[in-house]
Amino acid sequence: MSATAEMPYFIKPSRPLSPDQKRVVYAEARQAIRGVLGDEADEQVKMVTINCLLKTHIPYYYWVGFYVVRGEDQLVVGPYQGTLGCLYIPFGRGVCGTVAATGKTMIVDDTHALVQGKEHIACDPNSRSEIVLPVRRKDGSLIGVFDVDSTLEGSFDEVDERELEELLEEVFG
Ligand code: SME
Numbered sequence: 004m005s006a007t008a009e010m011p012y013f014i015k016p017s018r019p020l021s022p023d024q025k026r027v028v029y030a031e032a033r034q035a036i037r038g039v040l041g042d043e044a045d046e047q048v049k050m051v052t053i054n055c056l057l058k059t060h061i062p063y064y065y066w067v068g069f070y071v072v073r074g075e076d077q078l079v080v081g082p083y084q085g086t087l088g089c090l091y092i093p094f095g096r097g098v099c100g101t102v103a104a105t106g107k108t109m110i111v112d113d114t115h116a117l118v119q120g121k122e123h124i125a126c127d128p129n130s131r132s133e134i135v136l137p138v139r140r141k142d143g144s145l146i147g148v149f150d151v152d153s154t155l156e157g158s159f160d161e162v163d164e165r166e167l168e169e170l171l172e173e174v175f176g
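The opening position of the sequence shown corresponds to residue 4 in the working numbering, with each subsequent residue numbered one higher.
Now the structure itself:
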């Protein structure tokens with residue numbers, strides 16, 4: 004898929020935040036997500052709400068979305084906000100497929116430093132850093148992965164990892 008580097012009118016480049024600023028916007032976003040979801044049980048409703056409110060509150064979130072497990076070893080694109088995302092990802096391919104295969108969160112400071120097509124799948128050439136986390140149900144089964152891209156290198160750190168792991172556990176676990 005050859006994505007263009009030109010950003011559509013409805014998408015802006017990422018703006019960085021300090022760790023303390025990150026904690027503030029995550030707290031605001033998580034409060035909003037709790038208020039909207041309440042005791043909602045539908046996984047798709049949870050995903051679309053998380054995408055929308057995290058992208059609303061967090062200025063370095065460029066592409067945000069879910070890839071969900073299909074069959075034994077494939078991910079299929081789920082709800083997302085951003086430019087066109089690739090449709091299918093085999094376990095073990097790219098950052099998302101690796102996280103699905105290992106079950107471990109990955110933070111990539113510079114996606115362009117990875118082997119394209121193998122270690123990283125470039126749905127959008129503007130994406131420069133990425134965090135991907137596994138998403139699990141209460142019984143531990145894998146729903147899929149949660150993928151966030153930034154147009155800046157090094158946007159994601161342990162604050163994002165902890166905040167997102169806590170949020171995904173709270174909403175899906
Ligand atoms: N970059 C991801 C693919 C998903 S697109 O970025 C939305 C990966 O390497 O798995």
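Here a beta-carbon is modelled for each residue, glycine too, at the ideal position from N, C-alpha and C. None of the values given here were measured: they were computed from a predicted structure.
| Query | Result |
| --- | --- |
| Where does L90 land, buried or exposed, given buried means 16+ other C-beta within 10 angstroms? | exposed |
| Is it the case that the region 16–31 contacts the region 58–67, given that we only count it when at least three CB pairs across the two stretches are under 8 Å? | yes |
| As a quick exercise: from G95, V28 and E173, pick the residue whose alpha carbon is nearest that of G120. | G95 |
| Grouping DSSP H, G and I as helix and E and B as strand, with all else coil, what is M4? | Reliability of the predicted coordinates at M4 is poor, the pLDDT of 43 falling under 50, and the value obtained from them is presented with this limitation in mind. In this structure, M4 counts as coil in the three-state DSSP scheme. |
| What residue does the alpha helix (DSSP H) around Q34 start on, and which one ends it? | P22 to L40 |
| Tell me the DSSP bridge mates of Q84? | V67 |
| Taking the alpha-carbon positions, what's the L40 to G157 distance? | 31 Å |
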